[in-house]
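Line order of the protein sequences matches chains A, B and C. Read in order, the letters of the first sequence correspond to residues 1 to 266 in the working numbering. Read in order, the letters of the second sequence correspond to residues 1001 to 1413 in the working numbering. Read in order, the letters of the third sequence correspond to residues 2001 to 2409 in the working numbering. Backbone N, C-alpha and C define an ideal beta-carbon position, used for all residues, glycine too. Values in this document were obtained by computation on a predicted structure and should not be read as measured data. Heads up, the thing below is written out as structure tokens.
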Amino acid sequence: MVEPLLETRKLCRYFGGVKANRDIDLRVMPGSITSLIGPNGAGKTTVFNAITGIFAPTSGEVIVRHPRLGTRSIGGWRPDRICAFGLARTFQNIHLFADLPVIDNVKVGLHPRTRRGVLSAIFRTPGFLREEDEIHAAALHYLAFVGLLEAEHDLATNLAYGDQRKLEIARALATGPVLLLLDEPAAGMNPTETLALMELIRKIRDAGVTVLLIEHDMKLVMNISDYVYVMDHGELIAHGPPVAVRSDPRVIEAYLGPGGGEHGHG
Amino acid sequence: MRHLLRFFPLGDAIAAGRWGVVLSSVAVVALLLALPWLTGDPAAPSRWLSGCESRVVNVTLFVVVYAVLALGLNIVVGYTGLLDLGYVTFLATGAIVTFDLLLLVRTPEGLALRVGENAGLTGQPVFGFDGSIFVIMLIAGTICALIGLLRGIPTLKLTGDYYAIVTLGIAEIVFLVYLNESAFTGGAFGMKLDFAARPTLPWFEDGQWRWVKLYHDTGAFYLLALAVLGLTVVLSDRLDRSRIGRAWAAIRLDETAARACGIDVSRYKMIAFAVSGFLGGVGGALYAIWAGTVAAKSLDIWQSILILCAVVLGGMGSIRGVLLGSAMLFSLRELLRETISVGGLELRVPPEASFLVYGLLLIFVMRFRPKGLFPRGSGESVPVSVREEKELLAAPAHLYTLAPAEPTETGHG
Amino acid sequence: MTLAEIFSWPHVIDALTLGALYALIAVGYTMVYGIIQLINFAHGEVFMVGTYVALLAVLHTGMPLVAAIALAMLACMALGLLIDFTAYLPLRRRSPGVDAVSIAGLTAFALLAVAYFELGRREVTGLPVLLVTAALALIPLGLLVLALLSMAGRLGRPKGQVASDRLSALITAIGMSLSLQTIAQLLWTADYRAFPASALPAFFGRTIWTVGEPPHQAAILGKEIVIWVAAAVLMVGLGALVSFTRTGRAMRACAQDKETAALMGVNVNSVIGFTFAVGSAMAAIAGVLYAVKVGGNISPRMGYYPGVIAFAAAVLGGIGSIRGAVAGGLVIGITQSVGGGVTLWGLERLAHGLGAIGWEGGRAGLERLVAALAPRISAYDFAFAFGLMILVILVRPWGLFGKPGGKRA
Chain A
1 MVEPLLETRK LCRYFGGVKA NRDIDLRVMP GSITSLIGPN GAGKTTVFNA ITGIFAPTSG
61 EVIVRHPRLG TRSIGGWRPD RICAFGLART FQNIHLFADL PVIDNVKVGL HPRTRRGVLS
121 AIFRTPGFLR EEDEIHAAAL HYLAFVGLLE AEHDLATNLA YGDQRKLEIA RALATGPVLL
181 LLDEPAAGMN PTETLALMEL IRKIRDAGVT VLLIEHDMKL VMNISDYVYV MDHGELIAHG
241 PPVAVRSDPR VIEAYLGPGG GEHGHG
Chain B
1001 MRHLLRFFPL GDAIAAGRWG VVLSSVAVVA LLLALPWLTG DPAAPSRWLS GCESRVVNVT
1061 LFVVVYAVLA LGLNIVVGYT GLLDLGYVTF LATGAIVTFD LLLLVRTPEG LALRVGENAG
1121 LTGQPVFGFD GSIFVIMLIA GTICALIGLL RGIPTLKLTG DYYAIVTLGI AEIVFLVYLN
1181 ESAFTGGAFG MKLDFAARPT LPWFEDGQWR WVKLYHDTGA FYLLALAVLG LTVVLSDRLD
1241 RSRIGRAWAA IRLDETAARA CGIDVSRYKM IAFAVSGFLG GVGGALYAIW AGTVAAKSLD
1301 IWQSILILCA VVLGGMGSIR GVLLGSAMLF SLRELLRETI SVGGLELRVP PEASFLVYGL
1361 LLIFVMRFRP KGLFPRGSGE SVPVSVREEK ELLAAPAHLY TLAPAEPTET GHG
Chain C
2001 MTLAEIFSWP HVIDALTLGA LYALIAVGYT MVYGIIQLIN FAHGEVFMVG TYVALLAVLH
2061 TGMPLVAAIA LAMLACMALG LLIDFTAYLP LRRRSPGVDA VSIAGLTAFA LLAVAYFELG
2121 RREVTGLPVL LVTAALALIP LGLLVLALLS MAGRLGRPKG QVASDRLSAL ITAIGMSLSL
2181 QTIAQLLWTA DYRAFPASAL PAFFGRTIWT VGEPPHQAAI LGKEIVIWVA AAVLMVGLGA
2241 LVSFTRTGRA MRACAQDKET AALMGVNVNS VIGFTFAVGS AMAAIAGVLY AVKVGGNISP
2301 RMGYYPGVIA FAAAVLGGIG SIRGAVAGGL VIGITQSVGG GVTLWGLERL AHGLGAIGWE
2361 GGRAGLERLV AALAPRISAY DFAFAFGLMI LVILVRPWGL FGKPGGKRA
């Protein structure tokens, strides 16, 4: 039996008295696209932040079964260590290095998998120069993967919105993740861009990277997800294959509200 | 072949075909080397050496010494984006350590400093050996790097104005210590280097190599200072255009994203503090030899501000900017001392007013050119020509780990 | 040294007086920081200018000290507005007109200060000096009018916002501080000066009470009482202003959220200007009283240490809080007065302890250190204040009396 790549057990995160997450149990299977959906304010990003170490979980466990590095409980690790362990993420409000060229953004992403330090940089040792070449080559390949090769010299801040999202994904992929966590990657995109993005996400999964996706727009994720978790008010209210979740009365209620449409899905 | 080229300074620029950078760099170095000859007395036995005593070369030397310091400050302020107001600590420590080492003598009772009451002390100077200046610069740099690390421990988590005010506070405390612990610093009166205590460098003179004492108007010191500046520029540039420099840029631009990219922010800040401290210590050693006297009292917080002013004026994070900023600011300081005669009216900016110019510069630069007069370029950390890029795309990329080969133009993965 | 000696009456009185003065300066920092998150480095220079204005008024017109202080307050309110108008306002919003005027004014004023200095150096008197002096007075007046107009929104719409990053603002503040200090040096020389004894009310030097027993007896002088009373009255008044008036409410709204306040119809720039003015007036009083307390310390650089220390007090009490500034000022004052003594006392205790556990070498070494430090420990008084500031920023950046999670750097 295949074990989940990422598993959270009774993950809780409180802010003072506010229980942003209560007893979240996620199981993300390797090679899948798993989605975490829910209305705005349901606490989805908090789950991401607790998993990726932006802040430590208040209680509960986060277990990662890395195919090469073994199984670890990563709850409370620093974000950079979690990233180096193979969990990369993007942000809902894009966090690019705005004043760096596109290619350097991706090169920063290659940081955890490269080694050369101060002295080899100062003396330009053969090893350093070789590594820089490898970094450059890999960065170009990642840009090609997301379709930004043409823009490599531009500043990140000058990219179109959709391209900024792509660049953030390329940067996250460059860290060499086994699991990619995407926080509302389609936010602010038009329908055409969204379709292309979904295609890209599939491509990432096919390239061997498991994807955990946050979306608040349910329709969007139903097509590409293998498995869906639904959150509301800090708790998981349903999970299952998309078809099952779509017809779950609790999900419908969370999205439409008991009385009908006033929540919408804005 | 490419790697061999890149090993040498300017190799990057040559490889990327940036001939403007190459030519201007060579021209500046040549001009600096030829400057004493240009300003020298043609009738003197050595026109070059006589030029070393000229006003122009003196001002240049002043600029060079402060440019080393400014580049050191630039590591923290320009690369990691933290406003260090306590940089004078490194300058003062470097200068004081240099003097302490040079004035350290071995007496029958043990080691002692020829400072203050002990000025008459006789004995064998410990660091009086020829060429000791290199050892001393290394020691001063290392001590300052350690201070940088020590100071980094409490300030790691701070950003913005709290980082600035804490570094300022630490610098003030260190200042008070240096002012009051006169056994090591000469206190309010300071320390002086006499002829005997001056370090030496080898020099070709009268047909033979011999050791000459270093003074601010000697050719040996001019070349030493230029060499240190050159090494500092190369070091800054190479760090900036490396994995380290990209990590610093990431921290400066977005700390959260830097962490999410697997960068250990504390570690890279510490590296910046250590390198910055090291350069500050080396610059302090140069300053000490150049000035010949060191008084703790004159190494106060305004020195920090002055150096910061050069960095800000030129452009934080831009080596070219910091160099030009230092050149403008510190030659301005000298120019302000000149008397200009306009229609019989003698005009002179009083020395008291020079800080007014710096203050206004800070305000105006921040308003109109917040990135400085010669801002940091927005180019890639490693510029690569189109041909090289094709080669790189064709070569296997071990770091590209996405599994099944997505059919890119080059077709591998 | 015993604790009783360290906390003896002379030290306590000194600490309270310093604390009261620091609190008066600190409110300027804390209010400005609370609203625009800027360490107004030039605040120490406002303090210095206020002192000079009062000193010159007393010396040249012979007006009574109270009137001189009132004049200094007015001058400093104007100066506070000017600093905001010429240095910080252009960073908050882009308005080419304001830019041009403020820069031309600043530059002209600087040049005139240089000219004034040069005329003095060449011992020129008569008409040129008169002209330069008049211009020196007129430029700030003109700028002030513009500043007030701009705050009232009469200078036309600003052209868009400037992405004012905090580092730029801080560097600008340092530049302003440097400029003001140098201008003061040009106008009034770097010599140390003091209020002439004849200008001060006789009451100031009189012993009002005597407290404690010999040898640690201390006289509470009239000036100390004046400082305490003035500080208490002003702080209570300021607290009332912020709590109960319309302007105070606008200030608190801006401190919470400038954008929302602006949407609710608050003129944010005029509130900021008002904050600068009020803080500066406090600094002017503090400056004069500080000069009266210390005596003979009026110089262009007098504002730097009290300025930074008062900022420390503001942080200590929780930035943005007026009550915090008072508490922080007192704590810093105490630290500065007794820090050295307590350190020596601690080292002595430690030496005893080492002796008690039988490490004689360590005891002797520490005692030698204490003996060596004792004569010059008072030179470190500011170091203890700085040390406390660093400690608080590291451990409780929200201040001793604030709550975590509030606004901070």
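Query	Result
Residues near alanine 156 (chain A) in its chain [Cβ-Cβ closer than 8 Å; skip 5 each side]	Leu96, Phe97, Ala98, Asp99, Leu100, Pro101, Val102, Asn105, Gln164 and Leu167
Chain-ordered chain A contacts of phenylalanine 1007 (chain B) [CB-CB under 7 Å]	Arg124
Under 7 Å from the C-beta of cysteine 1261 (chain B): neighbouring residues of chain A	Cys83, Val108, Gly109, His111, Arg171 and Thr175
Members of the region 1333–1355 of chain B that neighbour chain C once the beta carbon cut-off is set at 7 Å	Val1349, Pro1350, Glu1352, Ala1353 and Phe1355
Three-way DSSP call (helix, strand, coil) for tyrosine 2192 (chain C) in this model	coil
Expected contact under 8 Å - CB spacing of alanine 1310 (chain B) and alanine 1070 (chain B) to nearest Å	5 Å
Expected contact under 8 Å - CB spacing of valine 1088 (chain B) and alanine 1171 (chain B) to nearest Å	6 Å
Collapsed DSSP secondary structure at glycine 1148 (chain B) in the structure displayed	helix
Range of the contiguous alpha helix (DSSP H) that encloses glutamine 1208 (chain B)	It is not in any alpha helix (DSSP H) - glutamine 1208 (chain B) instead sits in the beta strand (DSSP E) that spans 1208–1213.
Residues sharing a beta bridge with proline 1202 (chain B), DSSP	B:Trp1211
Validate contact between the region 1319–1334 of chain B and the region 1051–1069 of chain B using beta carbons, cut 8 Å, 3 pairs	yes
Cβ of glycine 2303 (chain C) within 8 Å of any chain B Cβ	no
Endpoints, alpha helix (DSSP H) assigned at tyrosine 1287 (chain B)	1265–1291
Under 9 Å (Cβ pairs) to chain C, residues found in the region 1153–1166 of chain B	Pro1154, Thr1155, Lys1157, Leu1158, Thr1159, Gly1160, Asp1161, Tyr1162, Tyr1163, Ala1164, Ile1165 and Val1166
Partners in chain D for threonine 114 (chain A), counting only beta-carbon separations shorter than 8 Å	The question asks about chain D, but that chain is absent: this structure's protein chains are A, B and C.
Collapsed DSSP secondary structure at cysteine 12 (chain A) in the structure displayed	strand
Serine 1132 (chain B) in three-state terms, based on DSSP	helix
Nonlocal neighbours in the same chain, by C-beta distance under 7 Å from serine 247 (chain A), ignoring five residues either side	none
Cβ contact (3+ pairs, closer than 8 Å) linking the region 2211–2225 of chain C and the region 2298–2305 of chain C	no
Environment of arginine 22 (chain A) [buried if 16+ CB atoms lie within 10 Å]	buried
Chain A contact residues for alanine 1249 (chain B), given Cβ-Cβ distances below 7 Å	Phe97 and Leu100
Proximity of leucine 1101 (chain B) and phenylalanine 1127 (chain B) at Cβ, strictly below 8 Å	yes
Cα-Cα separation between alanine 2262 (chain C) and phenylalanine 1184 (chain B), rounded to whole angstroms	57 Å
Cβ-based burial, glycine 2097 (chain C) [other Cβ within 10 Å; buried from 16]	exposed
Per-residue contacts from tyrosine 2192 (chain C) into chain B (C-beta, under 9 Å)	Those within 9 Å of tyrosine 2192 (chain C) in chain B number zero; the least Cβ separation is about 16 Å.
Contact belief for threonine 1232 (chain B) with glycine 1131 (chain B) at Cβ below 8 Å, rounded distance in angstroms	Rounded, the Cβ-Cβ distance is 20 Å, inconsistent with contact.
Boundaries (first-last residue) of the alpha helix (DSSP H) holding arginine 2246 (chain C)	2246–2256
Euclidean distance between Cα positions of tryptophan 2009 (chain C) and valine 2229 (chain C)	19 Å
Contact check, threonine 210 (chain A) vs valine 28 (chain A), beta carbons under 8 Å	yes
Anticipated Cβ contact below 8 Å, alanine 42 (chain A) with aspartate 183 (chain A), distance rounded	Contact flag wrong, Cβ pair sits at about 13 Å.
Residues near proline 1009 (chain B) in its chain [Cβ-Cβ closer than 7 Å; skip 5 each side]	Val1234
Where glutamate 215 (chain A) falls: helix, strand or coil (DSSP)	strand
Contact list for arginine 1238 (chain B) against chain A, beta-carbon separation under 7 Å	Ala121, Ile122 and Arg124
Alpha-carbon to alpha-carbon, aspartate 2191 (chain C) and leucine 2016 (chain C)	28 Å
Per DSSP, cross-strand counterpart(s) of tryptophan 2209 (chain C)	C:Ile2220
When C:Arg2166, C:Ile2035, C:Leu2366 and C:Gly2355 are compared against valine 2242 (chain C), the one with the closest alpha-carbon	C:Ile2035
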